[in-house]
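Remarks on the structure that follows.
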Amino acid sequence: MIRTGVDIGGSGIKAGLVDTGTGELVSERLRVATPAGRDPAGIAGVVRDLVGQLGGEGTVGLGMPAVVTNGQARTAANIDQSWIGTDAATLFTDATGRSCLVANDADVAGVAEMAHGAGKGRAGVVLLLTLGTGIGSALFVDGRLVPNTELGHIEVRGKEGERRAAASVRDAKHLSWADWAARLDEYIDTVERLVWPDLIILGGGVTKQPDKFVPMLNSRAPIAVARFRNNAGIIGAALLAATADADDAAPPKARPRRAAPAPKRGSHAKG
Ligand code: BGC
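So in the numbering used here, the last one in the sequence shown is 484, and the numbering has no gaps at all.
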C-alpha cells in the first residue's frame with residue numbers, strides 16, 4: 214500500500230509517500246525547516262501543510278526525536294521541552310484530519326532497515342544506531358522492535374555516550390576521523406557489553422562516508438551500514454502506518470494505539 218511518512222527533526226521536517234511493499238518513495242521528498250520555536254503548535258502546522266500537499270490516504274506515520282509511549286511524547290531531544298507530556302498522536306490527528314501514529318525517530322529508521330534494508334531477514338538481536346546530533350537506537354529481537362531503548366544515553370566514562378560519540382561531536386570538536394572513530398568504538402563497546410547484538414547497523418548522514426571510520430571499529434558484532442540514510446525516517450514511519458492499517462483490517466488482536474480523527478459534527482458515535 215501507499216502510506217505517508219513524516220520525519221520530524223530539530224532542523225527539518227521531511228515527508229513523502231512510500232510504497233510500503235518495496236520501501237521506495239513514490240512522491241517527491243518534501244522538506245521544510247523546523248519552525249524556530251520547535252514547539253508542538255508550530256510543528257503541527259508544518260505537518261498539516263506537508264500531509265495536505267502530499268495527499269494520500271490511510272494512517273499517517275510520524276517519527277520524532279522523543280521517547281513516545283501510547284502516542285505521547287515523554288522526552289524531547291532538540292525540540293521544545295513543551296513536547297514532554299504532549300499527546301502527539303492526537304495533536305497531529307487534529308491538525309491533519311487523518312489518523313496518526315507516532316514513534317521515536319530511531320525506532321522508525323530501524324523499522325525501515327529491518328523491512329527493506331541492511332537488517333532484512335535478519336533474526337536474533339539487531340541493533341541500529343543513528344549517528345547524528347545525538348545517537349538514537351532501535352533494538353530488534355527476531356525482527357520485533359523493543360521500542361524506546363535510548364541507548365545513546367548510556368554513560369561512557371561518566372558522560373552520556375551521545376555527548377562523546379554522536380556525529381555532531383566530530384564537527385563541534387573538529388575531531389579527525391580516527392579520533393572520532395576511537396570514541397565511537399568505545400561507545401559501541403560499552404553498548405555491546407549490555408545488549409550483545411548479533412548485528413549492528415549504523416545510520417545517519419555520516420554513513421555516507423563509511424570508509425572514513427567503519428574499518429576502524431572493533432565491535433564484536435558485524436557492522437552494516439544502513440541502506441536508507443536521509444529517507445529512513447519517512448520510510449519507516451510509513452511502514453508503521455501501513456502495519457497499523459493492516460492490523461485494523463485483520464481480526465481483532467492487540468493493536469498499537471493511535472489517534473483517530475474526531476467524528477464530524479452531527480455524526481453519531483458507533484458503539
Ligand atoms: C534522543 C532519542 C533520539 C536520538 C536521535 C537522542 O538524544 O534521546 O530519543 O532517538 O537522540 O534523534
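All C-beta atoms, glycine included, are put in the ideal place defined by N, C-alpha and C.
Determine the burial state of Asn-317: buried for a count of at least 16 other Cβ atoms within 10 Å of its Cβ, exposed for fewer.
buried
Out of Val-419, Arg-370, Leu-415, point me to the one whose CA is closest to Val-382's CA.
Val-419
What residue ranges within the segment 377-434 form continuous alpha helix (DSSP H) runs of no fewer than 4 residues, ordered along the chain?
380-385, 390-408
Identify the continuous alpha helix (DSSP H) that holds Ala-455 and give its terminal residues.
445-462
Can you tell me where the beta strand (DSSP E) with Arg-261 in it begins and where it stops?
Here Arg-261 belongs to no beta strand (DSSP E); instead the alpha helix (DSSP H) covers 253-267.
Below 7 Å CB to CB, which residues in the same chain sit around Asp-232 once its five sequence neighbours on both sides are set aside?
Ile-215, Val-239
Selected residue, minimal CA-CA separation from Ala-473, among Thr-272, Val-339, Asp-398, Glu-241
Thr-272
Tell me Asn-317's beta-bridge partners as DSSP assigns them.
Met-277
So, using beta-carbon positions, are Gly-274 and Ala-434 closer together than 8 Å?
no
Nearest-angstrom Cα separation, counted from Met-277 out to Gly-332:
21 Å
Local conformation of Asp-355 per DSSP, three classes
coil
Reduced DSSP secondary structure (H/G/I, E/B, other) of Val-324:
helix
As an exercise, report each continuous beta strand (DSSP E) stretch of at least 3 residues that is fully enclosed by the segment 286-312, in chain order.
none
Apart from the five residues on each side of it in sequence, which residues of its chain come closer than 6 Å, Cβ to Cβ, to Asp-392?
none
Per the DSSP calculation, Arg-440 is bridged to which residue(s)?
Bridge partners of Arg-440: none, in fact.
Return yes when at least one heavy atom of the ligand BGC lies under 7 Å from the C-beta of Asp-318, else no.
yes
May I have the straight-line CA-CA distance separating Glu-405 from Leu-263, to the nearest angstrom?
39 Å
Which same chain residues, not among the five before or five after Arg-261, have their C-beta less than 7 Å away from its C-beta?
Ala-308, Thr-309
Closer than 7 Å to a non-hydrogen atom of the ligand BGC - does that hold for the CB of Gly-284?
no
Within a Cβ cutoff of 8 Å, which residues of the same chain sit near Ala-250, ignoring the five residues on either side of it in sequence?
The residue you asked about is not Ala; residue 250 is Gly in the sequence shown. Hits under 8 Å: Asp-293.
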